[in-house]
Amino acid sequence: MKIEFKKSFAKDLRKKPHEKDLLENIKDIIQKVERAVPIGDIANHKKLKAEGKYYHIRSG
9 MKIEFKKSFA KDLRKKPHEK DLLENIKDII QKVERAVPIG DIANHKKLKA
59 EGKYYHIRSG
């Protein structure tokens with residue numbers, strides 16, 4: 009599965025270096041998405057209204 013992030017995503021993560029639980033959770037989600045074959049294998053996902061195949065994944 010192809011994964012793309014907004015440029016602001018990395019910037020937002022750099023602002024949270026002290027939140028180890030959050031960073032670990034994000035790492036786990038990214039790994040699950042990379043391994044997922046159908047999108048249905050990913051928990052808590054929601055298709056965005058934008059044109060194309062864009063999804064929001066909620067954690068926590």
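The opening position of the sequence shown corresponds to residue 9 in my numbering, with each subsequent residue numbered one higher. By construction, the Cβ of each residue, glycine as well, lies at the ideal position given by its N, Cα and C atoms. Just so it is clear, the structure is predicted and the values come from calculations on it, not from any experiment.
For the alpha helix (DSSP H) containing residue i, list its first residue and its last residue.
i          : result
residue 61 : Element bounds for residue 61: n/a, residue is neither H nor E.
residue 42 : 28–43
residue 13 : Taken as a continuous stretch (DSSP letters only), residue 13 belongs to no alpha helix (DSSP H), as it is neither H nor E.
Could you tell me which residues DSSP pairs with residue i in its beta bridges?
i          : result
residue 54 : 64
Does the distance from the CB of residue i to the CB of residue j come in under 8 Å?
i          : j          : result
residue 41 : residue 11 : yes
residue 65 : residue 53 : yes
residue 23 : residue 30 : no
residue 33 : residue 68 : yes
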